[in-house]
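*Asks:*
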Amino acid sequence: MKALQIRRSVRRFGMARLTSPLSPSGAVRVGPVELTDVSEPARPPGPGWHRFETSLAGICGSDLSLIDGHASSYFDDWVSFPFVPGHEVVGRLEDGRRVVLEPVLGHAARGAVPPWPDAAPGDGHDYAHLVTGPLEPGIQTGFCCSTGGGWSPWFWAHESQLHFLPDHMPDERAVLVEPIAGAVHGAVMAANSPTERRNGVIAVLGAGTMGLASIAAVRQQIPDGLIVAGGRYPHQLTLAKEFGADVVTDGGGLARAVRRATGSHRIGAALSGGADVVIDAVGSSESISGAITMARPGGTVVLLGMPAEVSLDLTALWHRQVNLRGCYTYGTELVNGQPVRTFDIAVQLADMIGAERLLSATYPLERHVDALAHAAAAGRRGAVKIAFDLRGAN
Amino acid sequence: MPRPGFVLEVDRSTPPMLFWHGERFSLERLPADRSRVIYPPEPLEGLRDVEGAISHALENPIDMDPLRALLRPGMVLTICFDDVSLSLPKMRRPDSRQRVIEAVLDLAAEAGVDDVHIIAALGLHRRMHDHELRHVLGDRIVDAFGPIGALYQHDAEDHENLTVVGTTDHGEVLEINRRVAESDLVVYANVNQVAMDGGWKSLVTGVASYRCLSHHHNPESLRNTRSLMDRHHSALHHSIWRLGAVLRDQGPPVFQVETTINTDAFPSPFDFLSKREWEWTARDRATYLATSASLNRLPRRAARKIMHSIEAPYAMTGINAGFTESVHERTLADVYRQHLVEVEGQTDILTMGIPFISPYNPDSIMNPILVMCMGLGYMFNMYRNKPLVREGGVVIMTHPTYRDFNPVHHPSYIDFFDEVLTDTTDPVVMSEKWEKKYAEDEWYRHLYRTGNAYHGVHPFYAWYWGAHGQQWAGRVIIVGGDPSTVRRLGFTPASTMADAFELASDVVGRSPTISHLHVPSVLVADVT
Amino acid sequence: MIKAASRPLAKYGFPWRAPTVPRGVEVPEKPSTLGPDYDTDWARRPSSVLMRAALIAGPIRMLTVALARPEVLGLDRLTDLQRVAEPEPVIFAPDHHSHLDTMVMIRAIPAVWRRDLVVAAAADYFFDRRWKAAFSALALNAIPIDREATGRRSAELFRDLLEEGHSLLIYPEGGRSPDGWGQPFKGGAAYLASRTGTPIIPVHIEGTGAVFGKGMRRPRPGRTRVVFGRPLRAGPDESTRHLNQRLETEVARLAEESVSDSWSAARAAAAGSLPTRTGPAVSGWRRSWLLAERRRAEVSGRSSRPQRSWPDLGQR
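Protein chains in written order, with this note's numbering: chain A, 300 to 693; chain B, 6 to 533; chain C, 71 to 386.
Set out below in structure tokens:
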């Protein structure tokens with residue numbers, strides 16, 4: 300079957316890295332991803348595996364950083380090449396039931412003992428199961444060569460990864476459930492962080508898919524909080540406002556807006572006080588150091604965007620005693636003392652905000668160069684989320 | 006003999022008119038047979054013997070004893086002076102204020118007065134930099150009074166050093182600098198560049214607190230200020246004069262020294278700016294072409310630096326001293342003598358070029374809020390009786406209106422632009438919803454008191470300044486302005502003057518009448 | 071060696087060499103053209119003016135800056151006289167401590183007067199040798215004055231020069247200070263001012279005495295300062311003596327302004343308590359002792375000047 304595949308090729312990663320600043324579509328052409336005939340994956344060992352027929356598969360920021368060669372070498376041993384990417388997937392099983400994928404390949408999928416009964420795939424405090432067991436290493440579907448991935452007509456999914464969709468929810472909305480779940484995880488982290496106060500100020504840096512989803516999630520989790528959001532493009536700012544941000548500002552003005560909201564001083568580049576929680580949905584050197592200087596002393600920075608390699612002056616982190624917290628995927632959340640699956644909240648939230656508004660364009664796999672170039676320049680081209688549409692391919 | 010101002014009817018042989026365009030200028034052709042250009046009077050001759058005129062004014066004041074007689078050993082004397090917002094552009098050294106204050110100090114020294122403080126009456130304006138103080142006062146005063154702490158700038162947020170003098174029958178509280186209130190004599194040295202300045206406004210705004218200023222610096226007053234240049238029909242000035250009466254009756258004696266200057270604002274090579282276009286010589290035209298070509302090619306920063314380095318060769322046209330109210334009437338006569346131009350009737354459109362400078366950005370950036378303030382606040386208000394444009398007419402300005410702010414001088418302007426203007430451009434709404442937050446912001450307060458920033462509330466005042474014009478005009482168009490910035494101001498962007506006339510036709514029809522306020526140089530149109 | 075080389079020249083006699091005077095013939099002595107009698111008209115011809123401008127802009131400026139690094143204050147007091155179409159001639163009357171004073175003054179005086187400036191210079195010093203006289207006349211536009219007797223001739227010459235539009239630089243003290251303290255003003259400058267109605271500008275020069283004072287064999291580079299005062303004009307019935315006194319007080323006030331500030335100086339002047347210019351009425355070591363005290367107060371003279379840091383003017 301025809302699918303997009305990423306192979307380990309130092310030359311191609313290097314070429315992509317060199318080309319990407321000049322031309323996103325050029326980087327796709329010379330980069331490690333290619334549309335080829337892949338052999339259909341064999342059914343993984345163990346019970347509970349289903350053939351997952353892809354309807355829509357989103358393009359995520361982490362996919363893009365792989366394709367343009369900027370991904371961290373940290374993941375070299377956590378993934379298995381060649382793999383078919385794609386982890387924001389909505390599709391149907393052979394019996395016709397519509398499902399959305401929770402992509403983490405957790406204990407159940409690998410036949411390991413879960414940390415506790417009913418644990419979600421993402422739960423647990425030891426990641427050993429991600430690289431051991433009967434499957435090849437792979438943190439998620441879409442990074443593992445054993446299961447296949449979303450950017451192909453079908454792949455194998457374990458029943459622990461499946462969330463069945465209500466009939467009324469269109470695919471276009473459901474494809475955003477996975478990124479929204481990530482944002483919900485961050486928002487719950489913010490809500491539960493010891494530094495969040497009632498009516499506190501929460502700053503959200505970046506208004507791409509994750510930033511916008513975070514705004515909605517924070518609005519849901521911390522209803523009384525004052526959300527200050529910064530984005531670069533006008534359509535992002537409009538959506539940010541619609542998703543519940545109280546103050547929106549173009550990127551450069553965020554620190555000023557946080558200062559206004561918190562009534563603090565501005566000392567050089569930093570604020571004297573600042574936001575109780577800053578959610579960084581960008582993950583660049585600038586955004587992280589900006590986030591640290593606009594979090595109040597003792598506040599929390601939630602790192603939602605995948606940062607890869609950044610260079611940071613940590614003096615501010617040290618001086619301000621800021622908690623810098625990574626925020627990866629989802630699992631089981633503690634909301635008001637009750638354990639809830641992140642995906643359940645996300646499905647609900649996607650319905651609530653009409654998440655299909657974020658899906659700007661879909662492409663067939665054959666036009667992957669255009670699709671990936673569009674995704675790489677999403678903000679500038681007035682888009683938010685780009686996805687592959689494989690509904691005709693099955 | 007300087008020629009008076011006049012109104013030129015534009016015909017087909019009228020050359021294109023000079024318009025300011027921020028740090029640059031442009032020539033725009035106005036439609037023939039329905040446009041008129043209001044030219045300012047030429048600069049009046051200055052006083053021949055300035056030294057003598059100053060000492061004559063101090064020795065023979067109006068409705069008051071000579072200064073010499075008011076001075077005695079052991080008294081508390083305070084000298085206040087106008088800040089760097091006057092004059093525009095800055096005056097070539099020595100400044101009138103320096104000359105007046107030195108003369109006053111000589112008399113004070115002769116009389117054996119020991120306790121003298123010199124206070125910059127800057128109200129809520131930014132504190133002056135050291136070099137600006139030196140420019141205004143000269144090195145001798147700064148070197149003599151600075152190190153001993155007797156020369157300082159008024160601080161409207163220093164509540165320990167503010168005191169209430171009294172209350173008007175309208176309930177306006179006069180709260181001013183304690184040192185001024187408790188002096189045995191206050192001498193005020195001003196520069197009366199336009200008719201808005203001077204009189205009680207000098208002290209009542211210059212050394213007042215925010216609370217005191219908010220009695221008249223509000224949308225209500227400024228919408229009823231018709232105009233800023235006509236104090237007898239200005240709600241702002243009425244309130245100030247009521248507060249002035251409190252100062253007169255319950256405050257210290259005030260010896261007001263008001264100086265007027267002519268409109269000789271541009272030295273060579275920029276002197277062609279003040280000439281009438283059809284009188285440009287070959288040299289003037291060459292200079293225009295060369296300067297505008299180079300200004301257009303220079304980065305904005307460099308062009309700004311050049312323009313702000315201009316020092317005007319103003320000459321003093323009059324000096325009056327004594328009792329504030331009597332002095333100010335004479336001063337106004339002197340000012341009007343220079344500025345007044347008789348104009349008949351209103352037109353559908355008023356055009357004006359907005360320069361690189363306004364009273365609130367000396368040596369700084371003309372940010373979008375100041376463009377509004379300069380256009381609708383100052384230049385629109387350059388009238389007596391009624392505005393040059395009919396109610397509901399169109400105001401067309403030319404300015405690049407870039408989104409550029411000086412973070413040292415205008416920190417609260419940046420936030421005002423980002424936060425308040427995205428919410429509303431209505432002065433009344435913003436004053437109710439936002440003003441307090443800005444006025445009480447600790448950071449702005451800190452920067453105003455210790456840095457060189459305008460007070461947090463100042464962008465509101467700058468905006469209110471245009472409240473009357475904003476209400477009066479049916480549409481405001483900025484030619485050559487950055488579109489998104491202009492829209493945020495609530496105005497309409499146009500790329501050329503022709504486009505602007507097209508856009509205006511929605512409001513005023515196909516063949517509107519046009520008045521063009523010819524600046525540089527200042528004029529007040531006496532519209533009948 | 072040289073002698074050997076020049077031997078062939080020995081055979082050349084008159085007219086290659088000066089004639090010898092026959093016995094019994096008396097050569098009449100030519101009238102002196104040096105000292106007070108030196109004729110300096112040639113130095114005001116256009117070619118000389120041009121050359122002088124070049125000298126002032128080049129070597130003199132370099133020398134002045136290298137030796138004295140003058141700081142010029144108070145020029146704003148002259149603006150009214152300067153900013154007219156044709157500035158009238160004026161008389162500059164500084165105190166005098168050093169030969170450097172003239173060079174420093176020439177650089178300090180505004181350009182409108184510098185071009186036509188004439189300097190009154192001591193005939194017995196600046197005009198005693200032909201080369202010195204030529205240099206003084208050309209570079210400084212100096213005019214010899216006989217300081218023993220202010221001759222009618224020089225007074226008339228000055229008046230003519232003023233009428234021709236030349237400004238004058240006259241040292242009313244008549245000569246350099248012998249010990250560093252000032253000397254009483256002689257009435258010449260005031261007389262000229264009151265006779266011609268010319269404004270007279272008091273000037274205080276500080277530091278040149280320490281850099282190259284009288285009796286010093288070589289200059290010690292340092293800083294100097296020139297403070298211009300407000301122009302004085304003779305009142306309608308004012309006597310020369312009174313004008314001279316005002317002039318002297320004004321210079322004393324400028325000196326005080328330079329070491330303290332203008333406000334203290336104005337108050338001291340008004341109270342009649344300006345420090346003495348001419349030094350205490352004591353002699354010997356106490357005079358020089360007190361002079362050292364005074365010089366310590368001055369900001370000029372020393373080669374390194376301590377940084378003054380201004381307090382924040384907005385604070386009380």
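Every residue gets a Cβ at the ideal spot worked out from N, C-alpha and C, and that includes glycine. Please read these numbers as outputs of a predicted model, since none were measured by experiment.
For M402/B, does the count of other Cβ atoms within 10 angstroms reach 16, so buried, or fall short, so exposed?
*Replies:* Walking along the second sequence from the start, residue 402/B turns up at place 397. Looking at its Cβ environment, which holds 16 or more other Cβ atoms inside 10 Å, M402/B is buried.
*Asks:* Could you give the first and the last residue of the continuous beta strand (DSSP E) run that contains N314/C?
*Replies:* What you label residue 314/C is simply residue 244 of the third sequence in a count that begins at 1. It is not in any beta strand (DSSP E) - N314/C instead sits in the alpha helix (DSSP H) that spans T310 to V329.
*Asks:* Can you look up C85/B in the DSSP assignment and give me helix, strand or coil?
*Replies:* Translated into positions along the second sequence, residue 85/B becomes position 80. Residue state, collapsed to three classes: strand.
*Asks:* Between the alpha carbons of L633/A and G582/A, how many angstroms are there, rounded?
*Replies:* On the first sequence, position 334 is the one that residue 633/A refers to. On the first sequence, position 283 is the one that residue 582/A refers to. Approximately 26 angstroms, taken between the alpha carbons.
*Asks:* Contact check, A472/B vs V399/B under 8 angstroms by CB: the rounded distance?
*Replies:* The residue you call residue 472/B lines up with position 467 of the second sequence. The residue you call residue 399/B lines up with position 394 of the second sequence. Their Cβ separation, rounded to whole angstroms, is 18 angstroms, which puts A472/B and V399/B out of contact at 8 angstroms.
*Asks:* Over what stretch of residues does the beta strand (DSSP E) that includes G471/B continue unbroken?
*Replies:* One-based indexing of the second sequence puts residue 471/B at position 466. Premise fails: G471/B is in no beta strand (DSSP E) and is neither H nor E.
*Asks:* Between A569/A, G543/A, F542/A and L538/A, which has its C-alpha nearest G552/A's C-alpha?
*Replies:* Walking along the first sequence from the start, residue 552/A turns up at place 253. When only C-alpha atoms are compared, the closest one is A569/A.
*Asks:* Tell me where the alpha helix (DSSP H) around D504/B begins and ends.
*Replies:* Sequence index remark: in the second sequence, residue 504/B carries index 499 (1-based). Unbroken alpha helix (DSSP H) run through D504/B: M502 to V513.
*Asks:* What's the C-alpha gap between V527/B and I43/B?
*Replies:* Within the second sequence, residue 527/B is the residue found at index 522, counting from 1. Within the second sequence, residue 43/B is the residue found at index 38, counting from 1. C-alpha separation (whole angstroms): 11 angstroms.
*Asks:* Using a Cβ cut-off of 7 angstroms, pull out every chain B residue sitting near R565/A, in sequence order please.
*Replies:* Taking the first sequence and counting its residues from 1, one reaches residue 565/A at position 266. Correct list: W448.
*Asks:* Using a Cβ-Cβ cut-off of 6 angstroms (strictly less than) and excluding sequence neighbours within five positions of S586/A, which residues of its own chain qualify?
*Replies:* Within the first sequence, the letter at position 287 stands for residue 586/A. L504 and D579, listed in sequence order.
*Asks:* Relative to the C-alpha of M40/B, which candidate in F385/B, V529/B, Y383/B and I519/B has its C-alpha closest?
*Replies:* Translated into positions along the second sequence, residue 40/B becomes position 35. Checking the sequence, you will find Ser at residue 40/B rather than Met. Looking at the Cα atoms, I519/B is the closest of the given residues.
*Asks:* Going by C-alpha distance, which of I358/A, S319/A and H462/A is nearest H369/A?
*Replies:* The residue you call residue 369/A lines up with position 70 of the first sequence. Cα-wise, what sits closest to H369/A is S319/A.
*Asks:* Can a CB atom of chain B be found closer than 8 angstroms to the CB of Q340/C?
*Replies:* Taking the third sequence and counting its residues from 1, the one referred to as residue 340/C is at position 270. For the record, residue 340/C in the displayed sequence is Ala; it is not Gln. A340/C counts as touching chain B.
*Asks:* State yes or no: is the beta carbon of T628/A nearer than 8 angstroms to at least one beta carbon in chain B?
*Replies:* As a position in the first sequence, residue 628/A is number 329, starting the count at 1. Not closer than 8 angstroms to any Cβ of chain B, the Cβ of T628/A fails to qualify, so no.
*Asks:* Start and end of the alpha helix (DSSP H) containing A209/C?
*Replies:* Indexing the third sequence from 1 puts residue 209/C at position 139. Its alpha helix (DSSP H) spans residues R200 to L210.
*Asks:* At the 8 angstroms Cβ level, is E115/B part of the contact set with chain C, yes or no?
*Replies:* Reading the second sequence from its first residue, position 110 is the one you call residue 115/B. Answer yes: the Cβ-Cβ gap between E115/B and chain C drops below 8 angstroms somewhere.
*Asks:* State the start and end residues of the unbroken beta strand (DSSP E) segment that holds M357/B.
*Replies:* The residue you call residue 357/B lines up with position 352 of the second sequence. Run containing M357/B: T352 to P360, per the beta strand (DSSP E) assignment.
*Asks:* Within 10 Å of its beta-carbon, does R391/A have 16 or more other beta-carbons around it, so buried, or fewer, so exposed?
*Replies:* Mapped onto the first sequence, residue 391/A falls at position 92. Buried is the call here.
*Asks:* Please confirm if D423/B has its CB atom under 8 angstroms from at least one CB of chain A.
*Replies:* Translated into the one-based positions of the second sequence, residue 423/B becomes position 418. Taking Cβ atoms only, chain A reaches closer than 8 angstroms to D423/B, which makes this a yes.
*Asks:* Quick check: what's the CA-CA separation for R8/B versus E47/B?
*Replies:* Your numbering for residue 8/B matches position 3 in the second sequence. Your numbering for residue 47/B matches position 42 in the second sequence. R8/B and E47/B: Cα-Cα distance of roughly 5 angstroms.
*Asks:* Chain C beta carbons: is any one of them nearer than 8 angstroms to that of M6/B?
*Replies:* Numbered from its first residue, the second sequence carries residue 6/B at position 1. It does not; no Cβ of chain C falls within 8 angstroms.
*Asks:* Mind pulling the chain C residues with CB within less than 7 angstroms of G143/B?
*Replies:* In the second sequence, the residue the question calls residue 143/B occupies position 138. Per Cβ cutoff of 7 angstroms: D146.
*Asks:* Classify P140/C as buried or exposed, calling it buried when 16 or more other Cβ atoms lie within 10 Å of its own Cβ.
*Replies:* In the third sequence, counting from the first residue as 1, residue 140/C sits at position 70. When all chains shown are included, P140/C counts as buried.
*Asks:* Give the straight-line distance between the Cα atoms of D353/B and P36/B, rounded to the nearest whole angstrom.
*Replies:* Position 348 of the second sequence, counted from the first residue, corresponds to residue 353/B. Position 31 of the second sequence, counted from the first residue, corresponds to residue 36/B. So the alpha carbons of these two residues sit roughly 13 angstroms apart.
*Asks:* Quick one: complete alpha helix (DSSP H) runs, 4+ long, within the stretch 264 to 346 of chain B?
*Replies:* Qualifying alpha helix (DSSP H) stretches, in chain order: 287 to 302, 305 to 313 and 329 to 344.
*Asks:* Count the CB pairs spanning the stretch 440 to 448 of chain A and the stretch 667 to 680 of chain A that are closer than 8 angstroms, and state whether there are at least three.
*Replies:* No, the stretch 440 to 448 of chain A does not touch the stretch 667 to 680 of chain A.
*Asks:* Nearest chain B C-beta to T548/A closer than 8 angstroms, yes or no?
*Replies:* Taking the first residue of the first sequence as 1, we reach residue 548/A at position 249. Output row for T548/A: interface = yes.
*Asks:* For E435/C and L344/C, what's the separation of their Cα atoms in angstroms?
*Replies:* No answer is possible for residue 435/C: it lies beyond the span of chain C, which begins at 71 and ends at 386.
*Asks:* Are there three or more Cβ pairs, one per stretch, closer than 8 angstroms when the stretch 26 to 33 of chain B is compared with the stretch 506 to 519 of chain B?
*Replies:* With the cut-off at 8 angstroms, the stretch 26 to 33 of chain B and the stretch 506 to 519 of chain B do not touch.
*Asks:* For L303/A, is the classification buried or exposed, using 16 other Cβ atoms within 10 angstroms of its Cβ as the cut-off for buried?
*Replies:* The residue given as residue 303/A occupies position 4 in the first sequence. So L303/A counts as buried.
*Asks:* In whole angstroms, give me the CA-to-CA distance for Y241/C and A190/C.
*Replies:* As a position in the third sequence, residue 241/C is number 171, starting the count at 1. As a position in the third sequence, residue 190/C is number 120, starting the count at 1. About 7 angstroms.
*Asks:* Pull out every residue of the stretch 321 to 337 of chain C whose Cβ sits closer than 9 angstroms to any Cβ of chain B, in chain order.
*Replies:* Residues E327, S330, D331, S332, W333, S334, A335, A336 and R337.
*Asks:* Taking only the alpha-carbon atoms, compute the straight-line gap between L75/B and R311/C and give it to the nearest angstrom.
*Replies:* By one-based count along the second sequence, residue 75/B stands at place 70. By one-based count along the third sequence, residue 311/C stands at place 241. Cα to Cα, the separation comes out at about 32 angstroms.
*Asks:* Does P66/B come within less than 8 angstroms of chain C when only Cβ atoms are used?
*Replies:* As a working note, residue 66/B is residue 61 in the second sequence. So, not an interface residue.
*Asks:* Roughly how many angstroms lie between the CA atoms of Q377/C and V577/A, to the nearest whole one?
*Replies:* As a working mapping, residue 377/C is identified with position 307 in the third sequence. As a working mapping, residue 577/A is identified with position 278 in the first sequence. Its pLDDT being 46, under 50, Q377/C is placed unreliably in this model, and the value from its coordinates should be taken loosely. Looking at the two C-alpha atoms, the distance is approximately 47 angstroms.
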